[in-house]
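Per the working numbering, residue 10 is the first one in the sequence shown, and the count goes up by one each step. All remarks here apply to the structure that follows.
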Amino acid sequence: MKTILVLSAQPQGSVPLDLAKEVRMIREALQLSNKREDFKLESRSAVRWKDVRRAIAELNPEIVQFSGHGEGKKGLVFEDDEGPARMVSADALMRMFKLFPVVECVVLNACHSEVQAEAIVKVVPWVVGMSQTILDRSARDFSEGFYDGLGAGRGYKEAFELGLSGIANDVEVWTPVLLEGKVKEKAEEVKENTEKIALTRTQQSNLRELARLEQDLAAVEESLDTVLDSVTKRRLQEHKRQLLEAIETLEQKL
Numbered sequence: 010m011k012t013i014l015v016l017s018a019q020p021q022g023s024v025p026l027d028l029a030k031e032v033r034m035i036r037e038a039l040q041l042s043n044k045r046e047d048f049k050l051e052s053r054s055a056v057r058w059k060d061v062r063r064a065i066a067e068l069n070p071e072i073v074q075f076s077g078h079g080e081g082k083k084g085l086v087f088e089d090d091e092g093p094a095r096m097v098s099a100d101a102l103m104r105m106f107k108l109f110p111v112v113e114c115v116v117l118n119a120c121h122s123e124v125q126a127e128a129i130v131k132v133v134p135w136v137v138g139m140s141q142t143i144l145d146r147s148a149r150d151f152s153e154g155f156y157d158g159l160g161a162g163r164g165y166k167e168a169f170e171l172g173l174s175g176i177a178n179d180v181e182v183w184t185p186v187l188l189e190g191k192v193k194e195k196a197e198e199v200k201e202n203t204e205k206i207a208l209t210r211t212q213q214s215n216l217r218e219l220a221r222l223e224q225d226l227a228a229v230e231e232s233l234d235t236v237l238d239s240v241t242k243r244r245l246q247e248h249k250r251q252l253l254e255a256i257e258t259l260e261q262k263l
């Protein structure tokens, strides 16, 4: 089961967003899906920057979504104890997500969040960001389609396309961007190298076994040349036949 963590923030004085409605839409998309038993949805609202770290550390989610406001290079906007809002930079987000390798996908459902997505994708396999301003309704529609896709058992790339299909605005359909990170490529490379090492070890083991069988075969053939007892000779001939079959089988594997 994968855990989805939806974090939302709407600091005082910011443009109003119906973030609670977005969470309801996500929950409904998952509940109505065929794979609903494969996902657990957790949500945290009015989050401060420290709340993000604490929630991820507590829940170990595979998917993290932030819904709120973004200010491009200035950062994502979180709530704060010491003021109306706190900007968190792309580098700070990247450093934080680097500490949680369990995270497979991050969705930044906030205006102008592509800058942060480009930083996070250095340490997370899949990241969604917004290339420009996006209307609240379009952002919610994207989320609904994205989680419809995941709930149907689709991968992140297909779920992203389903999210785009949910946006009715022909202009804003180009706003969400999906970034695929090098982390995924590295993981696949490590897996491939591990398989190669395992194969090499198997081949070495087979070669050692082949050498042993050939030695046994030579000893049996030498005995057949000298033995006179017919019963013993038949046993040696049967053993020779078995050795030849074993050698042939190993040679086919090499």
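We put the CB at the ideal spot given by N, CA and C, even for glycine. Quantities reported herein were computed from a predicted structural model and do not represent experimental measurements.
Would you identify the three-state DSSP class for residue i, choosing helix, strand or coil?
| i | result |
| --- | --- |
| V133 | coil |
| I72 | strand |
| E88 | strand |
| G79 | strand |
| L26 | coil |
| K11 | strand |
| N215 | helix |
| T187 | According to the sequence displayed, residue 187 carries Leu and not Thr. L187 falls in the strand class under three-state DSSP. |
| S98 | coil |
| K44 | coil |
| R149 | helix |
Our contact map puts residue i next to residue j with C-beta atoms below 8 Å; I'd like the distance itself, whole angstroms only.
| i | j | result |
| --- | --- | --- |
| G160 | N43 | 7 Å |
| P185 | L173 | 6 Å |
| L233 | I256 | Going by Cβ atoms, the distance from L233 to I256 rounds to 16 Å, so no, they are not a contact pair. |
| C120 | G84 | The Cβ separation is near 12 Å, so there is no contact. |
Using only alpha-carbon positions, find the residue among the options that is nearest to residue i.
| i | options | result |
| --- | --- | --- |
| S147 | I72, S76, R217 | S76 |
| L122 | L26, G154, V136 | Just to set this straight, residue 122 is Ser in the shown sequence, not Leu. Per the Cα distances, V136. |
| M10 | L16, E46, V24, L41 | E46 |
| K82 | L102, Y165, H248, K242 | L102 |
| M105 | E260, A64, Q251 | A64 |
| A177 | L85, L50, D145 | D145 |
| R33 | S52, V24, S23 | S52 |
| L222 | R243, E231, T211, K249 | K249 |
With distances taken between CB atoms, is the gap from residue i to residue j smaller than 7 Å?
| i | j | result |
| --- | --- | --- |
| F87 | A18 | yes |
| L26 | V73 | no |
| A168 | F151 | no |
| L245 | V229 | yes |
| R149 | E31 | yes |
| P110 | Q21 | no |
| I143 | E189 | no |
| V61 | L16 | yes |
| F48 | L41 | no |
Can you confirm whether residue i, when its beta carbon is compared against all beta carbons of chain D, has any partner nearer than 7 Å?
| i | result |
| --- | --- |
| T12 | Of the protein chains in this structure there is only one, and it is not chain D. |
Touch test, the region 115-130 against the region 92-104, Cβ-Cβ under 8 Å, three pairs minimum: Contact holds: three or more Cβ-Cβ distances are below 8 Å.
At least three beta-carbon pairs within less than 8 Å, the region 112-125 to the region 47-60: Contact between the region 112-125 and the region 47-60 is absent: fewer than 3 CB-CB pairs across the two stretches fall below 8 Å.
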